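I have placed the structure first, in the form of C-alpha cells, so that the comments after it can refer back to it.
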Amino acid sequence: MKEKKVPIWSKVPSWAWALISLALAIALWLAASGTWPAVFASPEKVLNAFIERAQSGLLWEHVWASVSRVLTGFGIAFVVSIPVAFLMAWYDPFRHVVEPWIQFIRNIPPLAYVFLIIAALGIGQTSKITVIFIAAFLVMVITIYQGVKGVDVTLIKAARVLGATQKDIFFKVTIPASTPFILVAARLGLSTSLTTLMASEIVGGDKGIGMMIQQASGYYQMDVVLLGIIMLGIIGICFEKIVRFLERRFTGWQETIQQ
Amino acid sequence: MAGNDSAVKVHIENVVKKFNTRKGEVVALNGANFDIHENEFVCVVGPSGCGKSTLLNIIGGLEEPTEGRVLVDGQEVTGPGPDRGIVFQQYALFPWLTVLENVKFGLKLQGKSDKEAEEIALKYIKLVELQDFVQSYPKELSGGMKQRVAIARAYAVNPKVLLMDEPFGALDAQTRTQLQSELLETWEKEQKTCFFITHDVEEAIILAQRVIIMYARPGRVKEIVDIDIPYPRTQETKMTPRFLELKNHIWSQVYQEYLSVRK
Ligand SMILES: Nc1ncnc2c1ncn2[C@@H]1O[C@H](COP(=O)(O)OP(=O)(O)OP(=O)(O)O)[C@@H](O)[C@H]1O
Ligand SMILES: [Mg+2]
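Those sequence lines, one after another, are chains A and B. Position in the first sequence (from 1) plus 486 gives the number in our numbering. Position in the second sequence (from 1) plus 2 gives the number in our numbering.
See the structure below:
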C-alpha cells in the first residue's frame, strides 16, 4: 500500500493564496508595463490617476453614472422578467409566440442594436438604460423560465393534497422553488448588464466609466484607461459578492454536494 | 371478515384511465372495481406499470378517470380534498421549509392560527419521534426521517383516508420494518382508512386487512385476499405458517403477472 501524500500547498490558508495571487498579478503587470510602457501604464501611474480623480470627485461621478445605469436597467429587467417567465411557463400559446423572439434577439450582440435604439430614443440616459434592460431581460427571462418549468410536480401535487389553491401554489411552492433560479438569473443579468454598459456608453454622453475610458484613450492617457478597466472589474466583483450573499441567505436549504 | 362489516368509505366503480401519449393511447386502468371500508387497511400489489399510482392519484383527486367514478363517503371525487391525504414515495417535502414548517403547511392552509398549527404539528412530529429535528431542513435528514415527516404532515391535517404510494420503497430493510410497525401503531391509535401501494408482498401482508392483486397493464383487480391474521402483528408473525401460506399464494399470483409483462 502506498501512502497517500498530502500535497504541501493544501496547508496554505486561503488568505495567503489571495495574497500570492495578487502579488503575482502585480508582478505580471510590472513586467508588462516594463515591456510595453506605451500600452500598459505602471501600477504607480494608475494609482496616481486614481488618487487624483478620486480627490477631485470626477471618478465617483463616472462610477455613479455607470452603476446607476446598470442598476436601473437591470432592476427593471428583473421586475419584468419574473412575470414574463411565469407566463411562458404557464401559457403554452404565449411561450410558443414569445420564446422564438427571445432566442433570436438574445444571440445578437447589443452593440448591433444600440444605434437603432438611439435613433428611436435619442442619445440620452433612456436609450442607455433601454439597451441594458433588453440584454439583461433576455438572459434572465430564459433562466427564470427554466426554473419555473422545472419545479418538481410532486411538490405541487403534495401542496394541492394539503389544500393549496392556485394562489397558494404560486406563492408557497412555485416562488420558493424557483428562488435559486431567480438568483442565478440575477447573477447572469448583472454581469450581462455590465457588459452591455460598454455598448451603451460607446455612443456618447458625458459621464460613465465607458465614457471615461473612451475619452482617455483619445488622449492616449493609458493610466486612466487601465483605471477604468480595473474599476469595472471591481464593480463586477462587488455585484457577484452581493448575489452570492443573497444566495446563501435564501437558498441555504438547497441540497449541495459537500466537498 | 376484517373491515367488511363497517361502512363503505371509498367506492371505486368501473374506473378506466387512458393517457394520450406521443406513442398513442395508453390504457393504464381498464375497469377497476372495489370498495374500501371505514378504517380498513388495504394494500395493493401488482407488477410495475399496472396502474397502481394512477388509481391512487384518481382516488386522491389529482387525476380524473376517463370513465367510471370514485365515491368517498358517497360523494363523487372531483379534486383533492382535506378528507384524503397522500404520502408519496419521493417524500415530497418542501426543501425550503423546516420539519416544523413542513408539518404546519396544511394546517396553516386550513386557516388555523400559528399557535394552534404549531401545537398540532409538534404533536405529530413527536408521534413520529422527530422532536429533536423540529428546526432541521429536509436536506439534513435521512430518507427514513424524511418519510416520517411526510407521514406526520399527512396525519396533521387529519384526513379520514390516507393514500400511500410505496412510501417505504426507497428505504433500507431495517428502517422499513420500523416504519411499518410505527405506521400500524398510529393506524390503530388514530383510526384511518389506509390505501397502501407496495411492491413488497411481506409488507402488504404485515400491514393489510385485505391485499388487492392487480393484473398487469391494463390494470384491473385480479384477486382480493383477506389477511386473517390478528393484530398486533410483529416480526414473529412473518414466521407463522399462515403468513407463509398467504405470502406464497400472493407471490405466485403477482409473479404470474410479472411473467406476462416480460413476454
Ligand atoms: N401522466 C401520464 N402520461 C402518460 N402515461 C402515463 C402517465 N402516468 C402513467 N402513465 C402510464 O400508465 C401506466 C400505469 O402507470 P402507473 O404509474 O400507474 O403504474 P404503477 O403501477 O404505479 O407502476 P410502478 O409500480 O412502477 O410505480 C404506465 O404504463 C405509465 O406509463
Ligand atoms: Mg407507481
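Just so you know, even glycine gets a beta-carbon here, dropped at the ideal spot from N, CA and C. Here the structure is a predicted model, which means the values were calculated and not measured.
#1: Taking CB distances under 8 angstroms as the criterion, tell me whether Y260 of chain B reaches chain A.
#2: Can you name the residues that DSSP bridges to V163 of chain B?
#3: Give the interface partners of A154 of chain B over in chain A, defined as CB-CB distance under 7 angstroms, in chain order.
#4: With distances taken from each beta carbon to the nearest heavy atom of ligand 2, which residues come in below 7 angstroms, in chain order?
#5: Is it buried or exposed for H39 of chain B, if we count other Cβ within 10 angstroms and need 16 for buried?
#6: In or out: C724 of chain A buried (at least 16 other Cβ within 10 Å) or exposed?
#7: Step through the CB atoms of chain A and report whether any lies within less than 8 angstroms of the CB of I60 of chain B.
#8: Are any of the Cβ atoms in chain B nearer than 8 angstroms to that of V634 of chain A?
#9: What residue ranges within the segment 76 to 140 of chain B form continuous alpha helix (DSSP H) runs of no fewer than 4 residues, ordered along the chain?
#10: Looking at F90 of chain B and ligand 1, is the gap between the Cβ and the nearest heavy atom below 7 angstroms?
#11: L173 of chain B lies in the beta strand (DSSP E); which residues open and close that run?
#12: Is any non-hydrogen atom of ligand 1 found closer than 7 angstroms to the C-beta of S50 of chain B, if you look at the structure I gave you?
#13: Measure the beta-carbon distance from Y631 of chain A to A571 of chain A and round it to whole angstroms, keeping in mind my assumption that it falls under 8 angstroms.
#14: Would you check if there are 3 or more beta carbon pairs closer than 8 angstroms linking the segment 11 to 20 of chain B to the segment 63 to 75 of chain B?
#15: I need the DSSP call for D37 of chain B, collapsed to helix, strand or coil.
#16: Just checking: is the beta-carbon of Y139 of chain B within a distance shorter than 8 angstroms of some beta-carbon in chain A?
#17: Tell me whether A94 of chain B counts as near ligand 3, meaning its Cβ is closer than 7 angstroms to at least one heavy atom of that ligand.
#18: Label G559 of chain A either buried or exposed according to how many other C-beta atoms from any shown protein chain fall within 10 Å of its C-beta, with 16 as the threshold for buried.
#19: State the Cα-Cα distance for the pair C52 of chain B and T682 of chain A, rounded to the nearest angstrom.
#20: Go ahead and label Y577 of chain A buried or exposed: buried means 16 or more other beta carbons lie within 10 angstroms of its beta carbon, across all protein chains shown.
#21: Taking Cβ-Cβ distances shorter than 9 angstroms, what residues in chain B pair up with D692 of chain A?
#22: Could you check the C-alpha separation between F623 of chain A and A154 of chain B for me, to the nearest Å?
#23: Distance cutoff 8 angstroms, beta carbons only. Does F90 of chain B sit that close to anything in chain A?
#24: Less than 8 angstroms separating the beta-carbons of I715 of chain A and I699 of chain A?
#25: Can you give me, in chain order, the residues of the segment 623 to 652 of chain A that have a beta carbon less than 7 angstroms from any beta carbon in chain B?
#26: For G76 of chain B, which of B:A30, B:Q91, B:A9 has the nearest alpha-carbon?
#27: Can you find a heavy atom of ligand 1 that lies under 7 angstroms from the Cβ of V556 of chain A?
#28: Listing by chain order, which chain A residues have their CB less than 8 angstroms from the CB of Q112 of chain B?
#29: For V46 of chain B, does the three-state DSSP call read helix, strand or coil?
#30: Does the distance from the C-beta atom of R244 of chain B to that of I208 of chain B stay below 8 angstroms?
#31: Just reading off the beta strand (DSSP E) that F21 of chain B is part of, what are its end residues?
#32: Where does S686 of chain A fall in DSSP's three states?
#33: Just to confirm the assignment, what range does the alpha helix (DSSP H) spanning G520 of chain A have?
#34: When you compare the CB positions of F96 of chain B and D167 of chain B, do they come within less than 8 angstroms of one another, or not?
#35: Check whether chain B comes within 8 angstroms of E741 of chain A, counting only Cβ atoms and requiring the distance to be less than that.
#36: What do you reckon, are the CB atoms on V223 of chain B and V47 of chain B nearer than 8 angstroms?
The relevant details are as follows:
#1: Counted from its first residue, the second sequence places residue 260 of chain B at position 258. No, because no Cβ of chain A sits closer than 8 angstroms to the Cβ of Y260 of chain B.
#2: Here residue 163 of chain B refers to the residue found at position 161 of the second sequence. Per DSSP, B:R86, B:T195.
#3: Here the question's residue 154 of chain B lines up with position 152 in the second sequence. Under the 7 angstroms cutoff, chain A gives no residues; its nearest Cβ is about 12 angstroms from A154 of chain B.
#4: B:K54, B:S55, B:D167, B:E168, B:I199
#5: To locate residue 39 of chain B, count along the second sequence from 1; it is residue 37. When all chains shown are included, H39 of chain B counts as buried.
#6: Numbered from its first residue, the first sequence carries residue 724 of chain A at position 238. So C724 of chain A counts as exposed.
#7: Along the second sequence, one-based indexing puts residue 60 of chain B at 58. No, I60 of chain B lies away from the interface with chain A (no Cβ there is under 8 angstroms from its Cβ).
#8: Here residue 634 of chain A refers to the residue found at position 148 when the first sequence is read from its first residue. Not an interface residue.
#9: 101 to 111, 116 to 129
#10: The residue you call residue 90 of chain B lines up with position 88 of the second sequence. Result no, Cβ not under 7 angstroms from ligand 1.
#11: Here residue 173 of chain B corresponds to residue number 171 of the second sequence, with the count starting at 1. No beta strand (DSSP E) holds L173 of chain B; DSSP gives it neither H nor E.
#12: One-based indexing of the second sequence puts residue 50 of chain B at position 48. Under cutoff, so the answer is yes.
#13: As a first step, residue 631 of chain A must be located in the first sequence, where it is residue number 145. As a first step, residue 571 of chain A must be located in the first sequence, where it is residue number 85. About 4 angstroms separates the beta carbon of Y631 of chain A from that of A571 of chain A, a gap short enough to meet the 8 angstroms contact definition.
#14: yes
#15: What you label residue 37 of chain B is simply residue 35 of the second sequence in a count that begins at 1. In this structure, D37 of chain B counts as strand in the three-state DSSP scheme.
#16: Translated into positions along the second sequence, residue 139 of chain B becomes position 137. Y139 of chain B counts as touching chain A.
#17: Ligands displayed in this structure: ligand 1 and ligand 2; ligand 3 is not among them.
#18: Taking the first residue of the first sequence as position 1, residue 559 of chain A is located at position 73. Its Cβ being crowded by 16 or more others within 10 Å, G559 of chain A is buried.
#19: Residue numbering aside, residue 52 of chain B sits at position 50 when the second sequence is read from its first letter. Residue numbering aside, residue 682 of chain A sits at position 196 when the first sequence is read from its first letter. Distance between the alpha carbons of C52 of chain B and T682 of chain A: 55 angstroms.
#20: Here the question's residue 577 of chain A lines up with position 91 in the first sequence. Exposed, since its Cβ has fewer than 16 Cβ neighbours within 10 Å.
#21: Here residue 692 of chain A is taken as the residue at index 206 of the first sequence, counted from 1. Those do not exist, as D692 of chain A stays about 46 angstroms from chain B at its closest Cβ, beyond 9 angstroms.
#22: Within the first sequence, the letter at position 137 stands for residue 623 of chain A. Within the second sequence, the letter at position 152 stands for residue 154 of chain B. Roughly 42 angstroms separates the two Cα atoms.
#23: Along the second sequence, one-based indexing puts residue 90 of chain B at 88. For F90 of chain B, the answer is yes, since a Cβ of chain A falls inside 8 angstroms of its Cβ.
#24: Here the question's residue 715 of chain A lines up with position 229 in the first sequence. Here the question's residue 699 of chain A lines up with position 213 in the first sequence. Contact flag set, yes.
#25: T640, L641, K643, A644, R646, V647, L648, G649, A650
#26: In the second sequence, the residue the question calls residue 76 of chain B occupies position 74. The shortest C-alpha separation from G76 of chain B is found at B:A9.
#27: Within the first sequence, residue 556 of chain A is the residue found at index 70, counting from 1. No; taking the cut-off as 7 angstroms, the Cβ of V556 of chain A has no heavy atom of ligand 1 nearer than that.
#28: Your numbering for residue 112 of chain B matches position 110 in the second sequence. By Cβ distance, chain A contributes G649.
#29: One-based indexing of the second sequence puts residue 46 of chain B at position 44. Reduced to three states, the DSSP call for V46 of chain B is strand.
#30: Taking the first residue of the second sequence as 1, we reach residue 244 of chain B at position 242. Taking the first residue of the second sequence as 1, we reach residue 208 of chain B at position 206. No; because the gap between Cβ atoms is not below 8 angstroms, this pair is not in contact.
#31: The count along the second sequence starts at 1 and reaches residue 21 of chain B at position 19. F21 of chain B -> beta strand (DSSP E) spans 10 to 23.
#32: For the purposes of this step, residue 686 of chain A is taken as the residue at position 200 of the first sequence. Of the three classes helix, strand and coil, the one that applies to S686 of chain A here is helix, per DSSP.
#33: For the purposes of this step, residue 520 of chain A is taken as the residue at position 34 of the first sequence. Per DSSP, G520 of chain A belongs to the alpha helix (DSSP H) from 500 to 521.
#34: Sequence index remark: in the second sequence, residue 96 of chain B carries index 94 (1-based). Sequence index remark: in the second sequence, residue 167 of chain B carries index 165 (1-based). No.
#35: For the purposes of this step, residue 741 of chain A is identified with residue 255 of the first sequence, where counting begins at 1. It does; some Cβ of chain B falls within 8 angstroms.
#36: Sequence index remark: in the second sequence, residue 223 of chain B carries index 221 (1-based). Sequence index remark: in the second sequence, residue 47 of chain B carries index 45 (1-based). No, Cβ-Cβ distance for V223 of chain B and V47 of chain B is not below 8 angstroms.
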